[in-house]
Every structure is written in structure tokens, then in C-alpha cells.
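Working notes for the structure below.
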Amino acid sequence: MAIQSYRDLDVWQQAMRLVEAVYAATGSFPSSELYGLTSQTRRCAVNIPSNIAEGRGRKGTREFINFLAIAYGSLCELQTHLELAHRLRFLDKVVHDRLQIQTDEVGRMLNGLMNSLGRRNSTP
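In my numbering, the protein residues as written are 123 to 246.
Shown next, in the form of C-alpha cells:
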């Protein structure tokens, strides 16, 4: 099946599931963190599928790869926020580990897509 829209991309779909999981997990953060770690963590998560979608909407492959790299940067930032939340005991080990598995999977998918597009873009 040909990719017609960013919605067709497996990585975008997986990133959207990650956003849902992050929102659920951060709902139990202390209210004092609403405008701090809660907001920052959610923003990072939302930025991942948003940048995938924006990049897919661009016309050039290089631009798409650039937006995928930005999404990957947001993913790394999200992983850092989740680790901090775990260390501060805002996330228990089970939830943290589940989110870590999801972020690792999205990271693998982003890297795979960037590599695939890069190879395709570099062939004469």
C-alpha cells in the first residue's frame, strides 16, 4: 500500500500511541508540576508525531529527514523527562519501563525511516 498521508506511516501511528500513554502516565504527577515537568513531558511527546506529520507534508525528502531528526530529538528529550519523573518517584517502575519500551520502538522506527529515506535520496 502506498503512503498517501502521514497517517499511513507506522511510526506516526506508534508515536500517537506513545502520546496517549504519556498523557495517561503524567495525569498522576503532582499538581505542583502541572506547569513544569508535566507540561514539558507532554509537549515533548506531542512534538514527535507533529514533526513526523509536518515533515511528511513537506515536498522534499531532505526536509522530511530533517523533521524526522527533530522528532528524534524530541524523543530523546521525552526519555530524559521520563527518567527524571521515575527518579523523582512520579512514575513507578512498571509504567516507566512500559514507556521506555514504547520510546525505544519509536526511536528504532524513526532511525529506520531516516536511513531508508537517506539511502533512497542518495542514489543517482
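C-beta atoms are modelled at their ideal positions from N, C-alpha and C, and glycine is treated no differently.
The structure displayed is predicted, hence computed values, not measured ones.
Cut-off 7 Å between Cβ atoms - residues of its own chain near residue i, not counting five sequence neighbours on either side
{"i": "residue 182", "result": "none"}
{"i": "residue 162", "result": "203"}
{"i": "residue 134", "result": "128, 171, 174, 175"}
{"i": "residue 199", "result": "166"}
{"i": "residue 213", "result": "147, 204, 207"}
{"i": "residue 178", "result": "128, 131, 186"}
Local conformation of residue i per DSSP, three classes
{"i": "residue 126", "result": "coil"}
{"i": "residue 180", "result": "coil"}
{"i": "residue 186", "result": "helix"}
{"i": "residue 171", "result": "helix"}
N- and C-terminal bounds of the alpha helix (DSSP H) containing residue i
{"i": "residue 140", "result": "132-148"}
Contacting residues, own chain, Cβ-Cβ under 8 Å from residue i (five flanking each side not counted)
{"i": "residue 233", "result": "194"}
{"i": "residue 222", "result": "201, 204"}
**Q.** Runs of alpha helix (DSSP H) wholly within the region 197-232 (minimum 4 residues, chain order)
**A.** As summarised for the region 197-232, there are no continuous alpha helix (DSSP H) elements at least 4 residues long confined to that stretch.
Q) Does the region 156-167 come close enough to the region 183-194 that 3 or more CB-CB pairs lie under 8 Å? A) Taking a cut-off of 8 Å for Cβ pairs, the region 183-194 and the region 156-167 do not touch, as fewer than three such pairs fall below it.
Q: Assess, as a yes-or-no matter, whether the region 173-182 is touched by the region 145-154 under the definition of 3 or more beta carbon pairs within less than 8 Å.
A: They do not touch, by the three-pair rule.
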